[in-house]
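Read in our numbering, the sequence shown has 76 at position 50, and its numbers run on one by one without any break.
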Amino acid sequence: MVNNSACSSDFENPEWLKKHIFQILDFYYPKCMDYENGGYFSCFLEDGTIGDLEIKHLLGTAKFIYIFSIGALLDNDASWCIEAVEHGLKFLQEFHLDKKNGGYYWTLKGQQVLDSTKSTTGHALVLLAASKAYEAGVNYAKDIIEYVYELLEKYFWEPQHELYVSDTNSDFSIISPYRSQKANMHMCEAMIAAYEATSDKKFLKKCYELSKSVTVKLASKSGGMIWDHYDENWQVDWDYGKESTDDIRTEAFIPGYSIQWSRLLLMLKRNFPQEWMSQKAEYLYNTTMSKAVDNEYGGIFYSISKKGLPIDTDKYFWVVAETLGASALLASDSKEAYYWNVYTYISTYCETFFIDKEHGGWYEKLNRTNEKYNDLKALIPKVNYHPVSNCYEVIKALMDY
27 MVNNSACSSD
37 FENPEWLKKH
47 IFQILDFYYP
57 KCMDYENGGY
67 FSCFLEDGTI
77 GDLEIKHLLG
87 TAKFIYIFSI
97 GALLDNDASW
107 CIEAVEHGLK
117 FLQEFHLDKK
127 NGGYYWTLKG
137 QQVLDSTKST
147 TGHALVLLAA
157 SKAYEAGVNY
167 AKDIIEYVYE
177 LLEKYFWEPQ
187 HELYVSDTNS
197 DFSIISPYRS
207 QKANMHMCEA
217 MIAAYEATSD
227 KKFLKKCYEL
237 SKSVTVKLAS
247 KSGGMIWDHY
257 DENWQVDWDY
267 GKESTDDIRT
277 EAFIPGYSIQ
287 WSRLLLMLKR
297 NFPQEWMSQK
307 AEYLYNTTMS
317 KAVDNEYGGI
327 FYSISKKGLP
337 IDTDKYFWVV
347 AETLGASALL
357 ASDSKEAYYW
367 NVYTYISTYC
377 ETFFIDKEHG
387 GWYEKLNRTN
397 EKYNDLKALI
407 PKVNYHPVSN
417 CYEVIKALMD
427 Y
């Protein structure tokens with residue numbers, strides 16, 4: 027790990043973290059609001075210029091609903107946040123929702139369907155967004171929570187594996203043979219949010235099953251770390267992604283997934299404490315950090331080989347944001363100073379390289395030496411949901427510590 031003793035006092039201050047969340051929201055609002063077609067614009071250049079006026083991605087819609095809900099939870103007087111939430115929910119229900127077959131379309135162009143795929147990841151983010159909206163006081167979002175849960179039970183859940191499939195076609199008649207832990211990771215986060223918003227234990231039961239299936243059962247097949255790709259029988263597909271250019275489906279371990287699971291396990295533990303959760307969270311985090319930290323230039327490598335060697339040395343905003351959250355929750359849970367030391371290291375790194383102090387928001391991706399590739403700030407649908415969600419969880423951890 028890079029030896030950097032500079033203490034980031036800002037990131038250790040709950041009030042500063044709250045202010046930072048609103049700085050992120052201010053980068054997007056109100057220019058993200060599409061008042062002509064509905065929904066949000068979600069592609070931005072570095073200075074906030076809108077980069078695409080047409081594409082509406084389900085993940086982008088859900089992430090905006092989520093981050094504005096967080097704003098409403100942090101400030102009861104932020105009526106503009108509730109306005110933005112309801113603006114997104116309206117578009118979600120009017121245009122993303124497939125009123126014939128059910129479920130939510132993956133991508134729209136304006137108000138027209140561009141990709142009718144029904145994705146578990148997409149429905150997880152809808153459930154997450156609706157849960158936070160309901161928690162923030164939008165009462166009719168409760169109907170969306172229940173609707174998505176029942177839809178998932180009917181079309182996506184595999185009870186014999188206690189996991190969700192990854193994708194189906196528009197009318198749910200064809201299920202992709204590809205299976206992904208990533209979809210289930212997002213679903214676990216969504217189920218935690220649904221439980222914390224509603225206190226309905228069916229959501230708690232589901233996220234417990236998911237966490238056990240991925241971090242214990244599946245991880246045992248891949249040497250303890252989180253591998254993403256499986257066949258339809260949930261057997262490890264080591265060769266998946268060799269010919270792929272998709273940055274989320276690569277033939278490598280993605281350290282960010284193991285780190286994110288360590289955070290989710292501790293979020294689950296605060297609602298349903300089990301001793302193994304802390305042990306597994308520490309194992310995933312410590313094993314990953316020992317292999318993925320860039321000791322020369324700082325930050326976390328995006329992907330590493332089965333032998334623990336770096337493959338993709340780029341630095342992604344979501345990975346370091348998840349490391350912030352996981353470090354703080356581990357520190358609060360274990361009371362060990364080591365995790366706060368890592369938190370200080372990562373927060374200093376984020377302040378130095380990822381946070382745009384001039385225009386606001388976080389850069390999406392940097393090269394190994396922490397330089398920008400271009401003037402894009404946010405690609406569709408990479409809204410700054412990870413920094414917002416993790417800063418929000420850190421605030422909780424700091425208050426509990």
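Positions of the beta carbon are idealized from the N, C-alpha and C atoms, including for glycine.
Rounded to whole angstroms, what is the Cα-Cα separation between residue 323 and residue 122? Along the sequence shown, one-based indexing puts residue 323 at 297. Along the sequence shown, one-based indexing puts residue 122 at 96. If you take the alpha carbons of residue 323 and residue 122, they lie about 42 Å apart.
Between residue 376 and residue 350, is the Cβ-Cβ spacing less than 8 Å? The residue given as residue 376 occupies position 350 in the sequence shown. The residue given as residue 350 occupies position 324 in the sequence shown. Yes, Cβ-Cβ distance for residue 376 and residue 350 is below 8 Å.
Alpha helix (DSSP H) runs wholly inside the region 270 to 357, at least 4 long, in chain order: 281 to 295, 301 to 318
Can you tell me whether DSSP reads residue 46 as helix, strand or coil? As a first step, residue 46 is located in the sequence shown; it is residue number 20 there, counting from the start. Here residue 46 sits in helix by DSSP.
Among 255, 392, 413, 396, which one has its Cα closest to the Cα of residue 46? Locating residue 46 in the sequence shown gives position 20, where the first residue counts as 1. With distances taken between Cα atoms, residue 46 lies closest to 413.
At which residues does the beta strand (DSSP E) containing residue 141 begin and terminate? As a working note, residue 141 is residue 115 in the sequence shown. Its beta strand (DSSP E) spans residues 138 to 141.
Residue ranges of each alpha helix (DSSP H) within the region 94 to 157, 4 or longer: 105 to 117
By the DSSP assignment, the alpha helix (DSSP H) with residue 412 in it spans what residues? The residue labelled residue 412 in the question sits at position 386 within the sequence shown. First-last of the alpha helix (DSSP H) with residue 412: 411 to 426.
Quick one: residues in its chain with C-beta nearer than 8 Å to the C-beta of residue 229, no 5 flanking neighbours on either side, listed in chain order? By 1-based counting over the sequence shown, the position of residue 229 is 203. Within the same chain, residue 229 has close Cβ partners 175, 217, 218, 220, 221.
Are residue 358 and residue 294 touching if we call contact CB-CB under 8 Å? Numbered from its first residue, the sequence shown carries residue 358 at position 332. Numbered from its first residue, the sequence shown carries residue 294 at position 268. The answer is no: Cβ separation not under 8 Å.
Suppose you measure from the CA of residue 42 to the CA of residue 36; what does that come to, to the nearest Å? Position 16 of the sequence shown, counting from 1, holds the residue named residue 42. Position 10 of the sequence shown, counting from 1, holds the residue named residue 36. Near 6 Å, if we compare the C-alpha coordinates of residue 36 and residue 42.
Determine the contact status of residue 282 and residue 344, defining contact as a CB-CB distance below 8 Å. Within the sequence shown, residue 282 is the residue found at index 256, counting from 1. Within the sequence shown, residue 344 is the residue found at index 318, counting from 1. Yes, the Cβ-Cβ distance between residue 282 and residue 344 is below 8 Å.
Quick check: what's the CA-CA separation for residue 395 versus residue 194? As a position in the sequence shown, residue 395 is number 369, starting the count at 1. As a position in the sequence shown, residue 194 is number 168, starting the count at 1. Straight-line Cα distance between these residues: approximately 40 Å.
Of the listed residues 411, 410, 390, 44, nearest to residue 401 (C-alpha basis): Within the sequence shown, the letter at position 375 stands for residue 401. Considering only alpha carbons, the answer is 390.
Does DSSP classify residue 180 as helix, strand or coil? As a first step, residue 180 must be located in the sequence shown, where it is residue number 154. The answer is helix: DSSP assigns residue 180 an H, G or I state.
Is residue 385 helix, strand or coil by DSSP? Your numbering for residue 385 matches position 359 in the sequence shown. Looking at residue 385 - three-state DSSP - the assignment turns out to be coil, as it is neither helix nor strand.
What does DSSP give as the partner residues of residue 53 in its beta bridges? For the purposes of this step, residue 53 is taken as the residue at position 27 of the sequence shown. The partner list for residue 53 (beta bridge, DSSP) is empty, contrary to what the question assumes.
Whole-angstrom distance between residue 125 and residue 131, CA atom to CA atom: Counting from 1 along the sequence shown, the entry for residue 131 is found at position 105. Counting from 1 along the sequence shown, the entry for residue 125 is found at position 99. Near 10 Å, if we compare the C-alpha coordinates of residue 125 and residue 131.
Helix, strand or coil at residue 403 according to DSSP, with G and I counted as helix: Within the sequence shown, residue 403 is the residue found at index 377, counting from 1. The answer is strand: DSSP assigns residue 403 an E or B state.
Do residue 191 and residue 108 count as a contact pair if the criterion is CB distance below 8 Å? Indexing the sequence shown from 1 puts residue 108 at position 82. Indexing the sequence shown from 1 puts residue 191 at position 165. In this structure, residue 191 does not lie closer than 8 Å to residue 108 by Cβ.
Beta-bridge pairing of residue 206 - partner residues as DSSP gives them: Sequence index remark: in the sequence shown, residue 206 carries index 180 (1-based). Answer by DSSP bridge pairing, in chain order: 255.
Alpha carbons only, please: which of 392, 398, 410, 374 is nearest the one belonging to residue 386? What you label residue 386 is simply residue 360 of the sequence shown in a count that begins at 1. Measuring from the Cα of residue 386, the nearest candidate turns out to be 410.
Do you know whose CA, among 366, 314, 253, lies nearest residue 39's CA? Taking the sequence shown and counting its residues from 1, one reaches residue 39 at position 13. The option with the nearest alpha carbon to residue 39 is 366.
In or out: residue 274 buried (at least 16 other Cβ within 10 Å) or exposed? As a working note, residue 274 is residue 248 in the sequence shown. Low confidence applies to residue 274: its pLDDT is 46, below 50, so where it sits in the model is not reliable, and the reading given next is rough at best. By the neighbour-count rule (16 or more Cβ atoms within 10 Å), residue 274 is not buried but exposed.
If I measure Cβ to Cβ from residue 142 and keep anything under 6 Å in the same chain, skipping five residues before and after, which residues do I get? Taking the first residue of the sequence shown as 1, we reach residue 142 at position 116. Excluding sequence neighbours, residue 142 sits near 131, 196.
Would you be able to state if there are at least three C-beta pairs under 8 Å between the region 323 to 338 and the region 291 to 305? no
Classification of residue 287 by the beta-carbon crowding that lies within 10 angstroms, buried from 16 upward: On the sequence shown, position 261 is the one that residue 287 refers to. The residue in question, residue 287, is buried, as its Cβ has 16 or more Cβ neighbours within 10 Å.
Residue 81: first and last residue of the uninterrupted beta strand (DSSP E) it sits in: Sequence index remark: in the sequence shown, residue 81 carries index 55 (1-based). Note, residue 81: beta strand (DSSP E), 81 to 83.
What is the DSSP secondary structure of residue 193, counted as helix, strand or coil? As a position in the sequence shown, residue 193 is number 167, starting the count at 1. If DSSP states are grouped into helix, strand and coil, residue 193 belongs with the strands.
Taking residue 199 as the reference, which of 188, 210, 181 has the closest Cα? Counting from one through the sequence shown, the residue named residue 199 turns up at place 173. Of 188, 210, 181, the residue nearest in Cα terms is 181.
Quick check: what's the CA-CA separation for residue 225 versus residue 156? Position 199 of the sequence shown, counted from the first residue, corresponds to residue 225. Position 130 of the sequence shown, counted from the first residue, corresponds to residue 156. Residue 225 and residue 156: Cα-Cα distance of roughly 14 Å.
Supposed contact pair residue 407 and residue 85 - C-beta distance, whole angstroms, cut 8 Å: The residue given as residue 85 occupies position 59 in the sequence shown. The residue given as residue 407 occupies position 381 in the sequence shown. Confirmed, about 4 Å.
If you follow the alpha helix (DSSP H) that residue 235 is part of, which residue opens it and which one closes it? Locating residue 235 in the sequence shown gives position 209, counting from the first residue. Per DSSP, residue 235 belongs to the alpha helix (DSSP H) from 227 to 238.
Work out the CA separation of residue 317 and residue 361 for me, nearest whole Å. The sequence position of residue 361 within the sequence shown is 335, counting from 1. The sequence position of residue 317 within the sequence shown is 291, counting from 1. For residue 361 and residue 317, the distance between alpha carbons rounds to 23 Å.
Tell me whether residue 392 is buried or exposed, calling it buried when 16 or more other Cβ atoms sit within 10 Å of its Cβ. For the purposes of this step, residue 392 is taken as the residue at position 366 of the sequence shown. Answer is buried; the Cβ neighbour count reaches 16.
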